[in-house]
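The next block holds one structure in the form of structure tokens; read it before the comments.
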Amino acid sequence: RNASSVSASAETIIIDNSTHQVIEWTEIYGFFTPESDYIQALWEDVKPGFFYLLDNTPSLKIDIEVTAGGTKAGNKIGLNFVCINWSPRLSTLEKINVLTSSGFIVASASTIPAASSRELAIEFLLSSDLDETGLELKIGNEFTG
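Each residue of the sequence shown is one higher than the one before, counting from 1179 in this note's numbering.
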């Protein structure tokens, strides 16, 4: 509840006693188009929850280092992925995978604990020239990607 949404026409008090208050909102106009005078009050209401939600949101940072390279068919490609779990509260629920554009899993890392990292090294031979076909790899799991 924020100052821009407080109005008698926007809410109905269901219970109001010494221990708690239950309010039914009959409209949510104030959250989507707050009055400019109340923007700061809205942010102060939302800010504590925002940081809590951010801490509980899966988020990965991926750094990639090329350890072997080439662009022609038969060349060996080496990549080292450093997967950092930015969430201070959540571990990844599923393994982190490196996949081809068609969904084939090239490599898998274990789950990553909260505020930790894992390395994932892969090597493979190019089946065709990159200037003709390109190469697309995806990294993530069912929740991040």
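All residues carry an ideal CB built from backbone N, CA and C; glycine is no exception. Since we're looking at a predicted model, the values are computed, not measured.
{"Check": "Exposed or buried, which one is Leu1313 when buried takes at least 16 other CB atoms within 10 Å?", "Outcome": "exposed"}
{"Check": "So which of Pro1266, Ser1294 and Ile1317 has the shortest CA-CA distance to Asp1233?", "Outcome": "Pro1266"}
{"Check": "From which residue to which residue does the alpha helix (DSSP H) around Leu1232 run?", "Outcome": "Ile1217 to Asp1233"}
{"Check": "Quick test of your reading: Ile1222 and Trp1203, contact by CB under 8 Å. State the CB separation rounded to the nearest angstrom.", "Outcome": "One detail in the question is off: residue 1222 reads as Glu in this sequence, not Ile. With a Cβ gap of about 19 Å, Glu1222 and Trp1203 do not count as contacting."}
{"Check": "Can you have a look at Val1244 and say buried or exposed, based on whether 16 or more other CB atoms are within 10 angstroms of its CB?", "Outcome": "exposed"}
{"Check": "Considering only DSSP beta bridges, list what Ser1286 is partnered with.", "Outcome": "Asn1275"}
{"Check": "When the Cβ atoms of the region 1284-1297 are set against those of the region 1245-1255, are three or more pairs found closer than 8 Å?", "Outcome": "no"}
{"Check": "How close, in whole Å, do the beta carbons of Ile1217 and Lys1239 come, if the pair is a contact with beta carbons under 8 Å?", "Outcome": "Rounded, the Cβ-Cβ distance is 31 Å, inconsistent with contact."}
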